[in-house]
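Chemist: Chains as they are written, first to last, in this note's numbering: chain G, 1 to 479; chain H, 480 to 724.
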Amino acid sequence: MSTDTLLKERANYKYGFVTSIETDTLPKGLSEETVRAISAKKNEPAFLLEFRLKAYAKFQQMQEPKWANLRYPPIDYQEICYYSAPKKKQSLESLDEVDPEILKTFERLGIPLDEQKRLANVAVDVVFDSVSLGTTFQKTLKEAGVVLCPISEAIHLYPELIEKYLGSVVPAGDNFFAALNSAVFSDGSFVYIPKGVRAPIELSTYFRINDKQSGQFERTLIIAEEDSYVSYLEGCTAPAFDNNQLHAAVVELIALDRAEIKYATVQNWYSGHPETGVGGIFNFVTKRGRCQGYRSKITWSQVEAGAAITWKYPSCILQGDESVGEFYSVALTSGKMQADTGTKMIHLGKNTRSTIVSKGISADCSHNTYRGLVKMGPRAEGARNYTQCDSMLVGNQCSANTFPCIEVAHETGQIEHEASTSKMNEEQLFYLQARGIAREDAINLIVSGFCKDVIRELPLEFAVEAQKLLALKLENSVG
Amino acid sequence: MMLRIKELQALIDGKAILKGFDLHVRKGEIHAIMGPNGAGKSTLARVLSGDPTYEVAGGEILFEEQSIVELSPEERSHLGLFMSFQYPVEIPGIGNLQFLHAAHSAQCKAKGQSPLSEAEFDAFLSEKMQLVDVACGFKSRGLNVGFSGGEKKRNEILQMAVLEPKLAILDETDSGLDIDAMRIVAKGVNSLMGPDNALILITHYQRLLDYIRPDFVHVVKEGKIVASGGPELALALEEKGYDWL
Numbered sequence: 001m002s003t004d005t006l007l008k009e010r011a012n013y014k015y016g017f018v019t020s021i022e023t024d025t026l027p028k029g030l031s032e033e034t035v036r037a038i039s040a041k042k043n044e045p046a047f048l049l050e051f052r053l054k055a056y057a058k059f060q061q062m063q064e065p066k067w068a069n070l071r072y073p074p075i076d077y078q079e080i081c082y083y084s085a086p087k088k089k090q091s092l093e094s095l096d097e098v099d100p101e102i103l104k105t106f107e108r109l110g111i112p113l114d115e116q117k118r119l120a121n122v123a124v125d126v127v128f129d130s131v132s133l134g135t136t137f138q139k140t141l142k143e144a145g146v147v148l149c150p151i152s153e154a155i156h157l158y159p160e161l162i163e164k165y166l167g168s169v170v171p172a173g174d175n176f177f178a179a180l181n182s183a184v185f186s187d188g189s190f191v192y193i194p195k196g197v198r199a200p201i202e203l204s205t206y207f208r209i210n211d212k213q214s215g216q217f218e219r220t221l222i223i224a225e226e227d228s229y230v231s232y233l234e235g236c237t238a239p240a241f242d243n244n245q246l247h248a249a250v251v252e253l254i255a256l257d258r259a260e261i262k263y264a265t266v267q268n269w270y271s272g273h274p275e276t277g278v279g280g281i282f283n284f285v286t287k288r289g290r291c292q293g294y295r296s297k298i299t300w301s302q303v304e305a306g307a308a309i310t311w312k313y314p315s316c317i318l319q320g321d322e323s324v325g326e327f328y329s330v331a332l333t334s335g336k337m338q339a340d341t342g343t344k345m346i347h348l349g350k351n352t353r354s355t356i357v358s359k360g361i362s363a364d365c366s367h368n369t370y371r372g373l374v375k376m377g378p379r380a381e382g383a384r385n386y387t388q389c390d391s392m393l394v395g396n397q398c399s400a401n402t403f404p405c406i407e408v409a410h411e412t413g414q415i416e417h418e419a420s421t422s423k424m425n426e427e428q429l430f431y432l433q434a435r436g437i438a439r440e441d442a443i444n445l446i447v448s449g450f451c452k453d454v455i456r457e458l459p460l461e462f463a464v465e466a467q468k469l470l471a472l473k474l475e476n477s478v479g
Numbered sequence: 480m481m482l483r484i485k486e487l488q489a490l491i492d493g494k495a496i497l498k499g500f501d502l503h504v505r506k507g508e509i510h511a512i513m514g515p516n517g518a519g520k521s522t523l524a525r526v527l528s529g530d531p532t533y534e535v536a537g538g539e540i541l542f543e544e545q546s547i548v549e550l551s552p553e554e555r556s557h558l559g560l561f562m563s564f565q566y567p568v569e570i571p572g573i574g575n576l577q578f579l580h581a582a583h584s585a586q587c588k589a590k591g592q593s594p595l596s597e598a599e600f601d602a603f604l605s606e607k608m609q610l611v612d613v614a615c616g617f618k619s620r621g622l623n624v625g626f627s628g629g630e631k632k633r634n635e636i637l638q639m640a641v642l643e644p645k646l647a648i649l650d651e652t653d654s655g656l657d658i659d660a661m662r663i664v665a666k667g668v669n670s671l672m673g674p675d676n677a678l679i680l681i682t683h684y685q686r687l688l689d690y691i692r693p694d695f696v697h698v699v700k701e702g703k704i705v706a707s708g709g710p711e712l713a714l715a716l717e718e719k720g721y722d723w724l
């Protein structure tokens, strides 16, 4: 294959198309007026407008963080559009009333929304630019007492839960991007699992940025009451534009006594042109869960395969005694992508345990950084952590870094850290090919072997997809 | 004719390694290729298998009268070509069983047959493992990861047993083996040879040829064959060294 066709194919991001629909959009720019306008469009209660305005005030006093191992041009926050929604009638009775163009979009993305073809055993909430379009499997969820709905609806339906928990794990002033999100977030998902309930199916939100000038600022809040269980998955794609788009999300999880939350992400935002680096999503995300209750458990698993810039550290605050936090991550960078990602495990309670398994794959001219913090507070008697941090290099122009931080304030704390760096090379591929295994399958085998500890943590429906995605991203990077 | 190599020229990084190499191999024949370091023996094995790091600059390779120069390594493997690597690579995270099953399935698919199920393959593999005398634990270990030199070579012969190639090229399979391991490997190879197969043995030493009897011995120097003969040629070389030629 010639270099030209190769590059053309690489640039050919499968999800890079744009859907033409009528939108209701706020003019570009950020001011107190913007914040008020968003709140007004959503007809929000006073407490929420106040939350937003406080966050905006904090945002104005904050500086964009510069400590990450990332290089990118300055972001002009006045050039971004903070609200864009497909025009629609007052409110939708069901997903069948969604603009057919949008339904087609999701069909092309492999997320069929109509009742006949929807994903088996997964309830999907879809967020298109700034707003949620609807949720499948509502009946099944209702019968179980599980709530999965757009957060903009939850604000009206469950205001007391929102007021109690919004910003309780990631405070509005937590960091620059969280403050921005708190001021302008437009939609996202809300999940509530009542006491003693196991969510009967997988819950999922699919995020799609469509508009060229829009940023996406979604907010997700998951509350798992005592003895409940939920597994949740988010997926993301965006069209291939030549400008950079900002995605600054906040996700908060709360697990009460003996509750368990599994949160999985398959992130495949447009990552920019592989050769020139033009375009792509800037992905600045704050995800944090609080294991508030005794023996509660939160598991983050993520496959980060897209975005030009990724800045993201899904974390766990292990507050309840004997609570458990887990982080399983595959971060793949290719082309000119840069990722600075990892986790924080904050052990506060007694006998708390955490596991970190991070697999970084860097190819082409990309940069991949793992950054982690394991902190054990003075009350965290008997806390334990196990960290495994592996990097794989593909080619010789990429880089991989790891910055693990460990702070232990109790003498009984136990920490294990393992790390390795390996290289996927032509000889490995040749060996497998010489045994009759096609090149793509050979890459797939090597990558899935490297990532298997993480992939097996993903919900079954998405594990295969995630593996294919990784193989696809690497296909032309080797050799 | 199974393999016909004509005037083969091959380069690596622009440097000529094979300089007009000729070889004919018929069904049922065993050819030994000997020669000093750097003569181009391993290059021959890798060029035959389709290693993309080598460039074929001239000549022809016909496998069962079909030119294979343009074919990918996997396509050559599907035609029935096999190379036992001099230095088998380690690939962490892939189980030996998983790898062998993937390779076997790929061969089946290429032949238009349906692949064996995992259970069927497991039984098939157990049978083959007896040939090369490897323990059961072999299946669950990572592909060559942490294997001793001898285990890696036995794993190569196990792969050969599983894939049942028409033509096998063993690239210094004897290097790094003690005498017992060499006997086991030779026994395995001999049991896989039949009137419809052929074998090219690349080796430095005569001793492997005591266990696998070649029909022809060729001496390679500076990228081409400089002498050919029967097994007696190998004995003469052992005695007099390569400079004798």
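Just so it is clear, CB atoms sit at the ideal spot from N, CA and C, and this is done for glycine as well.
Predicted model, so just to flag it, every value in this text is computed and none were measured.
Assuming Ala715/H is part of the alpha helix (DSSP H), what are its boundary residues?
Modeler: Pro710 to Lys719
Chemist: Pick out whichever of Ile496/H, Gln638/H and Gly574/H has its Cα sitting closest to the Cα of Arg620/H.
Modeler: Gly574/H
Chemist: Give a yes or no on whether 8 Å exceeds the smallest Cβ distance from His557/H to chain G.
Modeler: Chain G contact via Cβ: present.
Chemist: Let's test the definition: count the other Cβ atoms within 10 Å of the Cβ of Gln90/G and tell me whether it reaches 16, buried, or not, exposed.
Modeler: For Gln90/G, the predicted structure reports a pLDDT of 41, less than 50, and the residue's modelled location is therefore unreliable. A value from the coordinates is still provided. With fewer than 16 other Cβ atoms within 10 Å, it is exposed.
Chemist: Is the stretch 284-292 of chain G close to the stretch 312-329 of chain G, with three or more CB pairs under 8 Å?
Modeler: yes
Chemist: Glu115/G to Glu539/H, Cα distance in whole Å?
Modeler: Because Glu115/G carries a pLDDT of 47, less than 50, the predicted location of this residue cannot be relied on, and no value is offered for it.
Chemist: Would you call the stretch 637-650 of chain H and the stretch 548-565 of chain H touching, i.e. three or more CB-CB distances under 8 Å?
Modeler: yes
Chemist: List, in order along the chain, the chain G residues whose C-beta lies closer than 9 Å to that of Leu642/H?
Modeler: Arg435 and Gly436
Chemist: Counting contacts by CB-CB distance shorter than 8 Å, is Glu418/G in contact with chain H?
Modeler: At least 8 Å separates the CB of Glu418/G from every CB of chain H.
Chemist: Spell out the partners DSSP gives Gln245/G in its beta bridges.
Modeler: Ile281/G
Chemist: Could you list which residues in chain H have their beta carbon closer than 7 Å to that of Ser228/G, in chain order?
Modeler: Those do not exist, as Ser228/G stays about 35 Å from chain H at its closest Cβ, beyond 7 Å.
Chemist: For Pro725/H, decide whether its Cβ has a neighbour in chain G, counting only Cβ atoms nearer than 8 Å.
Modeler: Only positions 480 to 724 of chain H appear in the structure, and residue 725/H is not among them; the question remains open.
Chemist: Is it the case that the stretch 457-471 of chain G contacts the stretch 484-496 of chain H, given that we only count it when at least three CB pairs across the two stretches are under 8 Å?
Modeler: no
Chemist: When you compare only the Cα positions, how much space is there between Gln577/H and Pro200/G?
Modeler: 33 Å
Chemist: Do we get a CB-CB distance below 8 Å when we pair Gln592/H with the residues of chain G?
Modeler: For Gln592/H, the closest Cβ of chain G is not nearer than 8 Å.
Chemist: Output the distance between the C-alpha atoms of Leu550/H and Phe542/H, rounded to the nearest integer angstrom.
Modeler: 11 Å
Chemist: Which residue or residues does DSSP assign as beta-bridge partners of Val568/H?
Modeler: Note: Val568/H sits in no beta bridge, so no partner.
Chemist: List the residues of chain G that Val568/H touches, going by C-beta distances under 7 Å, in chain order.
Modeler: Glu427, Gln428 and Tyr431
Chemist: First and last residue of the alpha helix (DSSP H) that includes Leu332/G?
Modeler: Looking at the DSSP string, Leu332/G is not in any alpha helix (DSSP H); the run it does join, the beta strand (DSSP E), is Val324 to Thr333.
Chemist: When you compare the CB of Ala468/G with every CB in chain H, is at least one pair closer than 8 Å?
Modeler: The question names Ala, yet the displayed sequence has Lys at residue 468/G. So, not an interface residue.
Chemist: State buried or exposed for Ser354/G, treating a residue as buried only when at least 16 other CB atoms are found within 10 Å of its CB.
Modeler: buried
Chemist: Can you confirm whether the stretch 428-437 of chain G touches the stretch 388-401 of chain G when touching is taken to mean that 3 or more C-beta pairs between the two stretches lie within less than 8 Å?
Modeler: no
Chemist: Nearest CA to the CA of Leu712/H: which residue from Gly514/H, Arg505/H, Asp650/H and Gln488/H?
Modeler: Gly514/H
Chemist: Along the stretch 529-551 of chain H, where does the CB come closer than 8 Å to a CB of chain B? Name the residues.
Modeler: Here chain B cannot be found, since the structure's protein chains are G and H.
Chemist: Is there a Cβ from chain H that is less than 8 Å from the Cβ of Lys452/G?
Modeler: yes
Chemist: If you measure from the beta carbon of Leu472/G to each beta carbon in chain H, is any gap under 8 Å?
Modeler: No, no contact with chain H.
Chemist: In or out: Ile80/G buried (at least 16 other Cβ within 10 Å) or exposed?
Modeler: buried
Chemist: Where do the N-terminal and C-terminal ends of the alpha helix (DSSP H) with Glu163/G fall, by residue?
Modeler: Pro159 to Tyr165
Chemist: Is it the case that the Cβ atoms of Ala442/G and Ser556/H are separated by a distance below 8 Å?
Modeler: no
Chemist: Would you be able to state if there are at least three C-beta pairs under 8 Å between the stretch 188-197 of chain G and the stretch 221-229 of chain G?
Modeler: Three or more pairs of CB atoms, one per stretch, sit closer than 8 Å, so the stretch 221-229 of chain G contacts the stretch 188-197 of chain G.
Chemist: Which residues does DSSP list as the beta-bridge partners of Arg353/G?
Modeler: Val324/G and Arg384/G
Chemist: So for Trp300/G, helix, strand or coil by DSSP?
Modeler: strand
Chemist: Using a Cβ cut-off of 7 Å, pull out every chain G residue sitting near Ile496/H, in sequence order please.
Modeler: Per Cβ cutoff of 7 Å: no residues; Ile496/H is ~17 Å from chain G at best.
Chemist: What number of angstroms, rounded off, separates the C-alpha of Ala11/G from the C-alpha of Lys336/G?
Modeler: Residue placement at Ala11/G is poorly supported in this model, since its pLDDT is 48, which falls under 50; the coordinates still yield a value, given next. Between Ala11/G and Lys336/G, the C-alpha separation is close to 12 Å.
Chemist: Kindly list, in the order they appear in chain H, the residues whose Cβ is closer than 7 Å to that of Gly449/G.
Modeler: Ile570, Pro571, Gly572 and Ile573
Chemist: Going by DSSP, what residues sit across from Arg555/H in a beta bridge?
Modeler: Residue pairing of Arg555/H in beta bridges, as defined by DSSP: absent, with no partner found.
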